[in-house]
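J.: This is the structure I have questions about; it appears just below.
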Amino acid sequence: MPKSSKAVALDDDVTESARDLLSNEEPSEDAFKKSTLIVPREGARKDRDAEGGPASGGEDGDEEEEEEEEERPAWNSKLQYILAQVGFSVGLGNVWRFPYLCQKNGGGAYLVPYLILLILIGIPLFFLELAVGQRIRRGSIGVWNYISPRLGGIGFASCLVCFFVALYYNVIISWSLFYFSQSFQQPLPWHECPLIKEQNSTYVVPECEKSSATTYYWYREALDISDSISEGAKLNWRMTVCLLAAWTMVCLAMIKGIQSSGKVMYFSSLFPYVVLICFLVRALLLKGSWDGIRHMFTPKLEIMLEAKVWREAATQVFFALGLGFGGVIAFSSYNKRDNNCHFDAVMVSFINFFTSVLATLVVFAVLGFKANIMSAKCVTVNTKRIVALLGNQLSRNLIPAHINLTEVSAEDYQKLTDIIRGEKGADYPSLGLETCSIEEELNKAVQGTGLAFIAFTEAMTHFPASPFWSVMFFLMLINLGLGSMFGTIEGILTPLIDTFKVRKEFLTVGCCLLAFLIGLLFVQRSGNYYVAMFDDYSATLPLLIVVILENVAVAWVYGVDKFFEDLKDMLGFTPFRFYYYMWKYVTPILLLVLLGSSLIQLCMTPPSYNAWIQELAMEKLVEFPPWGVFVCISLVVTAVLPVPVVFFLRYFNVIDDSMGGVGAVSYKKGRIIKEVSRADEDDDASLIHARSPSEAPSPMPGNSIYRKPAGTGGPDSDTAPNGRYGIGYLMADMPDMPESDL
């Protein structure tokens with residue numbers, strides 16, 4: 053009989069049914085009024101005492117362990133797993149969010165608060181999610197159900213947030229697919245403004261003339277955007293096709309689980325680095341690239357003293373690693389139990405950081421080149437304006453003799469405007485001369501879609517062989533997006549499959565089909581505004597709440613000391629004491645401060661979005677209509693609602709701890725091979741040994757089964773089907789038989 057486990061595996065040579073086994077017991081044996089057949093649980097040791105069977109480590113035990121491990125897929129290699137985690141954490145935000153924050157918040161000085169908060173928040177929480185997923189070998193629902201059933205809603209909240217994010221994140225991939233398909237042209241279709249030809253004249257489209265060729269192409273040709281969120285209805289058929297293609301790619305990659313998505317990771321995770329390095333080398337050879345890099349890393353130390361810099365750095369760390377989505381837990385649940393997840397956490401975190409720095413170098417090298425191009429154009433236009441003013445409003449004597457007005461450099465133009473400004477004084481603005489400064493051009497902070505689909509595309513039109521670089525750039529965006537989408541979808545599928553035991557293929561197709569149908573909301577004319585709404589309200593606050601609860605569940609509900617013992621047993625060494633204080637005190641406090649500041653910011657700023665006004669050819673900040681505010685609030689409430697709902701249902705015993713989830717039985721070849729039991733919340737459950745102290749192993753001999761005596765008192769005495777003690781085979785009451793003295 054087992055010494056350290058409450059379950060023993062059925063031997064492979066046993067072919068009789070459970071009823072036959074029980075009915076063939078010798079009549080002379082002690083009998084129980086109630087008996088329960090206990091089947092093995094995942095992760096339980098196969099130790100048996102001397103009179104019950106072979107010792108631990110025997111061939112039978114090894115075979116049983118192998119059979120149990122076969123039930124859960126595993127990564128083909130450690131490299132495949134690392135690439136999956138890197139692909140999930142490194143996403144579009146590294147390319148268009150981090151450079152913007154770096155430029156906005158002090159340049160190179162921004163890296164200091166980011167690194168500090170990466171160490172205080174990012175790595176400890178990333179390590180925590182990796183550890184619980186690897187140990188319990190379940191998705192987010194099963195993990196938090198196991199640690200504390202009353203906090204089981206955390207897993208459902210993670211799934212909901214993942215679904216919300218997947219809805220609009222795949223729309224961004226569809227935009228990239230559209231631009232990718234349009235990049236095989238020379239010149240690129242957004243190279244110049246389109247012309248309108250009439251009988252007697254040809255002129256530039258007014259909307260394009262007021263903005264720029266790339267801006268016009270993005271808003272009018274690609275999105276065909278409306279003036280407000282209330283004006284939608286009409287679907288953009290080209291984006292609809294691209295969205296269907298994006299969801300088809302995700303579905304095909306995920307349909308076989310990590311067996312299919314893991315192979316795709318080799319390309320989707322590595323290809324963006326190849327493109328980034330190629331772009332960096334090419335950009336450094338362009339005129340003005342060093343101006344951009346110098347501007348980027350010139351530290352503005354005084355900005356570091358502002359609280360919003362630290363808040364934005366903490367938020368970026370939080371989202372860069374994909375904390376709270378459940379994807380990290382899902383990927384790590386397919387690991388071997390003795391994998392060094394601490395090393396993985398540190399390595400993936402710093403790979404993510406260096407990827408952000410690499411992307412920032414590329415972005416600002418390209419933007420430096422673009423700034424020089426735009427500055428040169430500005431100088432040319434304004435020099436012609438000065439020539440037109442000479443002899444009328446300007447004296448020719450103002451022009452220095454060494455300046456040739458047919459070819460004016462940026463430095464000469466700066467001197468020229470300084471002279472004119474000194475001469476004209478208060479009348480200078482009436483001349484309409486622009487500054488044409490490279491620094492001013494670089495200070496125009498651009499983020500998100502504006503950086504990728506407007507600023508970067510405009511820069512690439514000036515590249516030699518621009519179609520090639522455009523194809524490479526948007527192919528990189530597609531791969532970055534797909535890598536993150538795989539982790540996001542895995543954060544939905546793995547918990548649901550572990551909980552409800554549905555076929556992965558059916559659930560994957562159903563999830564992708566449902567997401568595509570809902571995603572049609574984002575490909576109508578006002579779809580871009582809905583993307584902004586979901587991005588701002590469906591993820592930020594709910595994910596913060598989810599991660600805070602995760603931290604509290606492990607550090608305070610389960611207990612840091614107990615968790616450290618589990619980690620020591622799993623990893624073979626005790627983690628640094630640094631993590632003890634981070635998990636218990638520092639990280640929860642920092643997260644609560646971040647949550648509080650985010651709530652204050654949302655309350656002080658009414659829900660709004662940037663609407664593109666066609667007549668003005670510019671963006672305008674517009675508040676959401678009342679129904680839009682209701683949708684924003686509903687997104688936040690819906691995402692966090694499972695947490696209180698599950699808590700109260702379990703608190704008032706409306707749902708049984710044994711329902712679904714980790715108590716489900718796995719079947720293979722017509723017989724039960726394992727069951728994962730769940731310890732009660734009040735039990736001293738161990739993640740390592742997967743048993744609770746309240747369940748003492750029976751000393752009754754027997755190789756294949758053992759029974760739990762009835763009549764021991766307490767609520768745990770009665771065993772229900774699929775309950776925590778097994779699958780619930782009950783023998784009829786036999787009052788004439790003596791009770792066990794156990």
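Straight run, no breaks: the sequence shown in this note's numbering ends on number 794. Virtual Cβ for every residue (Gly too), placed ideally from N, Cα, C.
Tell me the residue span of the beta strand (DSSP E) that contains VAL674.
T.: Run containing VAL674: 670–675, per the beta strand (DSSP E) assignment.
J.: Taking the CB atoms as reference points, tell me whether PHE323 and MET528 lie closer together than 8 Å.
T.: Their beta carbons are under 8 Å apart, which means PHE323 touches MET528 by this criterion.
J.: Pairing CB atoms from the segment 489–496 with CB atoms from the segment 338–352, are three or more of them under 8 Å?
T.: At 8 Å Cβ cutoff, the stretches touch.
J.: Roughly how many angstroms separate the alpha carbons of ALA285 and GLY500, rounded to a whole number?
T.: One C-alpha to the other measures close to 25 Å.
J.: If GLU283 sits next to SER578, beta carbons under 8 Å apart, how far is it from one beta carbon to the other, in whole angstroms?
T.: Right, their Cβ atoms sit about 6 Å apart.
J.: Name the DSSP beta bridge partners of TYR661, please?
T.: Its beta-bridge partners are VAL674.
J.: So, PRO547 versus GLY191, is the Cβ gap smaller than 8 Å?
T.: Yes. Within cutoff.
J.: According to DSSP, simplified to helix, strand and coil, what is LEU240?
T.: Coil at LEU240, not helix or strand.
J.: Can you list the alpha helix (DSSP H) stretches of 4 or more residues lying completely in the segment 142–199, in chain order?
T.: 144–148, 150–156, 163–169, 175–188, 192–199, all fully within the segment 142–199.
J.: Using the C-alpha atoms, what's the distance from VAL612 back to GLY722?
T.: Note that GLY722 scores a pLDDT of 34, beneath 50, so its modelled location is shaky and nothing firm can be said.
J.: Would you tell me roughly how many angstroms separate the C-alpha atoms of GLN638 and TYR632, rounded to the nearest one?
T.: The identity of residue 638 in the sequence shown is Val, whereas the question assumes Gln. Rounded to whole angstroms, VAL638 to TYR632 spans 10 Å at the Cα level.
J.: What's the C-alpha gap between CYS488 and PHE421?
T.: Cα to Cα, CYS488 sits roughly 14 Å from PHE421.
J.: Just the Cα atoms here: how many angstroms apart are PHE232 and PHE508?
T.: Distance between the alpha carbons of PHE232 and PHE508 is about 14 Å.
J.: Whose C-alpha, out of ALA382, PRO659, GLY174, is nearest the C-alpha of GLU542?
T.: The shortest Cα separation from GLU542 among ALA382, PRO659, GLY174 belongs to ALA382.
J.: Can you round the beta-carbon distance between THR300 and ILE506 to whole angstroms, since I take them to be within the 8 Å contact cut?
T.: At roughly 28 Å, the Cβ-Cβ gap does not stay under 8 Å, so THR300 and ILE506 are not in contact.
J.: Under 7 Å: does the beta carbon of TRP521 sit that close to some heavy atom of the ligand ZN?
T.: You won't find the ligand ZN in this model; it holds no ligand whatsoever.
J.: Look at LEU457 and THR435 and say whether their C-beta atoms are less than 8 Å apart.
T.: Closer than 8 Å, so yes.
J.: Given that a residue counts as buried once 16 or more other Cβ atoms are within 10 Å of its Cβ, and exposed if not, what is LEU569?
T.: With fewer than 16 Cβ atoms within 10 Å of its Cβ, LEU569 is classed as exposed.
J.: Rounded to a whole number of angstroms, what is the C-alpha to C-alpha distance between PHE370 and ILE173?
T.: Each residue's alpha carbon lies about 8 Å from the other.
J.: Can you tell which of VAL698, GLN251, SER536, VAL695 has its C-alpha closest to the C-alpha of VAL217?
T.: With distances taken between Cα atoms, VAL217 lies closest to SER536.
J.: If we call anything under 8 Å between Cβ atoms a contact, is LEU219 one with ALA605?
T.: Cβ distance not < 8 Å, so LEU219 and ALA605 don't count as in contact.
J.: From VAL804 to TYR271, what distance separates their C-alpha atoms?
T.: With the chain represented from 53 up to 794, any question about residue 804 goes unanswered, as that position is not in the structure.
J.: What residues match up with LYS249 in a beta bridge as DSSP calls it?
T.: Per DSSP, THR254.
J.: Which class does ASN434 belong to by DSSP, given the choice of helix, strand or coil?
T.: It is helical.
J.: Output needed for VAL147: all residues of its chain with C-beta closer than 6 Å, excluding positions within five of it in sequence on either side, in chain order.
T.: Counting only Cβ-Cβ distances below 6 Å, and skipping sequence neighbours, we find ALA411.
J.: Look at ALA11 and SER263 and say whether their C-beta atoms are less than 8 Å apart.
T.: It is not possible to answer for residue 11, since the shown part of the chain is limited to 53 through 794.
J.: Can the beta-carbon of LEU295 be found less than 8 Å from the beta-carbon of GLY484?
T.: No; because the gap between Cβ atoms is not below 8 Å, this pair is not in contact.
J.: By DSSP's criteria, LEU287 is part of a beta bridge. Which residues make up the other side?
T.: GLN576, per the DSSP bridge assignment.
J.: What does a CB cutoff of less than 7 Å around PRO176 pick up in its chain, not counting 5 residues either side in sequence?
T.: Within the same chain, PRO176 has close Cβ partners TYR631, MET634, TRP635, THR639.
J.: Mind checking HIS454: buried by the 16 CB within 10 Å criterion, or exposed?
T.: Exposed, because fewer than 16 other Cβ atoms sit within 10 Å of the Cβ of HIS454.
J.: Starting from MET634, trace the alpha helix (DSSP H) in both directions and tell me its first and last residue.
T.: Taken as a continuous stretch (DSSP letters only), MET634 belongs to no alpha helix (DSSP H), as it is neither H nor E.
J.: Under the three-state reduction of DSSP, which class applies to LEU338: helix, strand or coil?
T.: LEU338: coil per DSSP, three-state reduction.
J.: Rounded C-beta distance between THR540 and PHE319? I'm assuming under 8 Å.
T.: With a Cβ gap of about 18 Å, THR540 and PHE319 do not count as contacting.
J.: Nearest to GLY533 by alpha carbon, out of GLY474, SER129, ILE225, PRO241?
T.: Among GLY474, SER129, ILE225, PRO241, the Cα nearest to that of GLY533 belongs to ILE225.
J.: Measuring only the C-alpha atoms, how far is GLY379 from SER235?
T.: If you take the alpha carbons of GLY379 and SER235, they lie about 32 Å apart.
J.: Could you give the residue range of the alpha helix (DSSP H) that holds LYS476?
T.: Note, LYS476: alpha helix (DSSP H), 462–476.
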